[in-house]
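Line by line, the protein sequences give chains R and Z.
Under the numbering used here, think of the first position of the first sequence as -7, with each following residue one higher.
Under the numbering used here, think of the first position of the second sequence as 3, with each following residue one higher.
I have placed the structure first, in the form of structure tokens, so that the comments after it can refer back to it.
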Amino acid sequence: MPRNPHIGAEGKDLFQLIRTNKVYVAYEGLFDQEIVKGFLSITENSLAEQGVQDGVKKKLFNVMMEALQNICKHQASAADQRTSAIFVLSGDEKNYYVQTGNLIGEEKVNDLQAYLNKLNALNADELKELYKTVRMQSTISEVGGAGLGFIDMIRKTGNALRYNFDVLPDGFRFFTLVSTISIES
Amino acid sequence: MQLNSTYSLYRLMNKGQYLLCYSGYLAQNQITALLALAERKMQRESTDSQVRRKVFNVMIECLQAFCKNESERSGNIFVLGKADSHYEILSSFNCDYETGHWLSGFIDGLDGLDRAAIREEHKKMMVREFSHPSMASFYSLLDIALKSASPLEYDYEEHSTHMVFSIKTIIPC
């Protein structure tokens, strides 16, 4: 055993989680436009080095942009102080996964779940129609909000959004959203 | 990645006050982008410029060591954390047994050395020939020890074909 084993249990657990889940990048905290730009830059360089196909690269970028913008907007509009969020990019042989996680009030869960289920059940034409309708009906401040972002993510990837609401003790839920980008189309 | 893993990762990063994790291939472009991200984060935290410079220097040394460790690029992980009293830089990488055991002995040997002695070690390593090329990439640990002014902490796991070596550097605020 090492004479100086002080890396800490949390650090070891973190390394384990990163390796097991093939995480490329993860960021936890407050997001702003500069942080978003930083992520896009890291990913761009990483994808270029990996020789990822242009089509996949474009899809991944679009989804990352939507996901990161959603977090920024959520944080900007959150009334409570618990606005910390996480962004994760991971992947395996078949897919890239863009994951976001943030705290939301319990009262928002049912509506959000119903909306995501509705979107996941629509076909490509129906999503296109809905996109147009939502865009037309939205006020300026709503345009580009999470509603359109979710539709966009499904349309661009052709894959349903996966989600989860982890229960927290004090009236909050941890909302996880995962968009899957297939490497081979 | 499992759906509930995102929450596990969030909890772990939140509890350990880790801000940023990066895993995988590192070229100069990624190093530049990671440094820019860290800079933005430290600006937001209004970190003292001297501390910022130290964090930057240690980050550069860690990331450059990864870049130079040509043989085992796939297992590299870099983590930046910020607690109330310090910044923390964690790095983890795969290496062969010979390199891993040499590294643990080398870090143990740094314990208790003053700055002048570390500088002497640095000079010696610059001209030394190593039995394994990746060992040479770790002479930057001496720079890290000098720049952080804190003892390096490490751990390793032995696997059947290789070792996973992890190093923690603390930079007091």
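All C-beta atoms, glycine included, are put in the ideal place defined by N, C-alpha and C.
Predicted, not measured: the structure shown is a model, and the values here were computed from it.
Item	Value
CB contact check: F7 of chain R to chain Z, cutoff 9 angstroms	yes
Same chain, Cβ closer than 6 angstroms to V28 of chain R, neighbours up to 5 away in sequence not counted	L60
Within 9 angstroms, strictly: CB atoms of R154 of chain R and L119 of chain R	no
Beta-carbon gap between I79 of chain Z and I(-1) of chain R smaller than 9 angstroms	no
Cα-Cα separation, R13 of chain Z to D50 of chain Z	28 angstroms
Contact the segment 33 to 46 of chain Z vs the segment 33 to 43 of chain R: 3+ CB pairs below 8 angstroms	yes
Rounded Cβ spacing between Y85 of chain Z and Q19 of chain Z (contact assumed at less than 8 angstroms)	According to the sequence provided, residue 85 of chain Z is Ala. The question's Tyr does not apply to it. Yes, they are in contact, since the Cβ atoms of A85 of chain Z and Q19 of chain Z sit about 5 angstroms apart, within 8 angstroms.
Those residues which DSSP pairs with M165 of chain Z across a bridge	Z:C97, Z:E160
Limits of the beta strand (DSSP E) - the one that N112 of chain R falls within	Per DSSP, N112 of chain R belongs to no beta strand (DSSP E); it is in the alpha helix (DSSP H), 101 to 113.
Selected residue, minimal CA-CA separation from K149 of chain Z, among Z:H103, Z:F95, Z:Q52	Z:Q52
Alpha carbon of C64 of chain Z to alpha carbon of V57 of chain Z, nearest angstrom	11 angstroms
Of the residues R:A1, R:G43, R:L52, the one placed nearest V80 of chain R, counting alpha carbons only	R:L52
Option in Z:Y27, Z:P174, Z:H164, Z:R117 with minimal Cα separation from N96 of chain Z	Z:H164
S133 of chain R (DSSP reduced to helix, strand or coil)	With a pLDDT of 46 at S133 of chain R, under the threshold of 50, the modelled position of that residue is not reliable, and no figure is offered here.
Cβ contact check for the segment 11 to 29 of chain R and the segment 39 to 47 of chain Z: 3 or more pairs under 8 angstroms	yes
Residues in the segment 84 to 97 of chain R having any Cβ partner in chain Z nearer than 7 angstroms	Y89, Q91, G93
Nearest-angstrom Cα separation, counted from N156 of chain R out to L169 of chain R	7 angstroms
Residue from Z:E100, Z:C175, Z:L82, Z:V129 whose Cα sits closest to the Cα of V17 of chain R	Z:L82
Any beta strand (DSSP E) of 3 or more consecutive residues that is wholly inside the segment 51 to 88 of chain R	77 to 83
Residues bridged to A18 of chain R (per DSSP)	R:V80, Z:C23
Status (buried if at least 16 other CB within 10 Å, exposed otherwise) for A67 of chain Z	buried
Positions along the segment 17 to 42 of chain Z whose CB lies within less than 7 angstroms of some CB in chain R	K17, G18, Y20, L21, L22, C23, Y24, S25, G26, Y27, A29, N31, Q32, A35, L36, A38, L39, R42
Where R130 of chain Z falls: helix, strand or coil (DSSP)	coil
Nearest residue (CA-CA) to L104 of chain R, options R:I10, R:E176, R:R165, R:I175	R:R165
Distance between R127 of chain R and L140 of chain R (C-alpha atoms, nearest Å)	7 angstroms
The beta strand (DSSP E) enclosing V28 of chain R, as first and last residue numbers	It is not in any beta strand (DSSP E) - V28 of chain R instead sits in the alpha helix (DSSP H) that spans 25 to 42.
Sub-9 angstroms separation of I120 of chain Z and L105 of chain Z beta-carbons	no
Spatial distance of Y156 of chain Z from T12 of chain R (CA atoms)	21 angstroms
Where L169 of chain R sits in the DSSP three-state scheme	strand
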